[in-house]
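One structure is given below, encoded as structure tokens.
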Amino acid sequence: MYLVTALLILVEAGRSQRTPGPRELAEILRSHRHPRAAGDATVPAHLHTVAGPDRVHAALFMEAGDPVDAEGAAFGFLAGALACCPETVGWALAALGRVQPAGTEEPRSQGVTCQGNDPPCP
20 MYLVTALLIL VEAGRSQRTP GPRELAEILR SHRHPRAAGD ATVPAHLHTV AGPDRVHAAL
80 FMEAGDPVDA EGAAFGFLAG ALACCPETVG WALAALGRVQ PAGTEEPRSQ GVTCQGNDPP
140 CP
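With this note's numbering applied, the sequence shown has no gaps in its numbers, which climb one by one up to 141 at the end.
Set out below in structure tokens:
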């Protein structure tokens with residue numbers, strides 16, 4: 020499973036009375052995660068959204084065998100959710116990216132320091 024993040028912004032030129040606000044857009048995105056699509060790599064296994072004044076941050080956990088496939092599936096999901104609802108005109112995908120896992124190497128220490136009587140201290 021890979022984490023892909025997205026930033027959707029409200030474009031001033033597309034703002035109209037029909038354009039949903041950030042909270043409504045977040046709800047539209049959440050409603051596109053259908054239970055019937057369980058196991059489908061193009062649907063997020065988990066979707067979290069945070070609405071700001073003119074933006075929506077989304078965290079999509081994608082089940083895919085490859086990180087590039089996960090990123091493509093997340094883009095496809097967001098594009099599909101925005102394209103199928105005419106009222107989402109005015110919203111644009113500003114950023115999309117996969118979160119790189121932190122290095123698996125343990126940090127090197129400058130030496131073991133003893134604290135108290137815990138092993139390996141004498």
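The C-beta atom is built at its ideal place from N, Cα and C for all residues, glycine as well.
These figures come from a predicted structure and were not determined experimentally.
Look up His65 in the DSSP assignment and give the residues it is bridged to.
Answer is Phe80.
Looking at the structure shown, is Thr24 part of a helix, part of a strand, or coil, going by DSSP?
The answer is strand: DSSP assigns Thr24 an E or B state.
For Val118, count neighbouring Cβ atoms within 10 angstroms of its own Cβ and tell me buried if that reaches 16, exposed if not.
Val118 comes out exposed.
Compare the beta carbon distance of Ala77 and Ala25 with 8 Å and say whether it is the shorter of the two.
The answer is yes: Cβ separation under 8 Å.
Which partner residues of Gly116 appear in the DSSP bridge assignment?
In DSSP, Gly116 forms a bridge with Thr24.
Which residue wins for smallest C-alpha separation from Val69, given the options Gly84, Thr107 and Glu46?
Checked all of Gly84, Thr107 and Glu46; the closest Cα to Val69 is Glu46.
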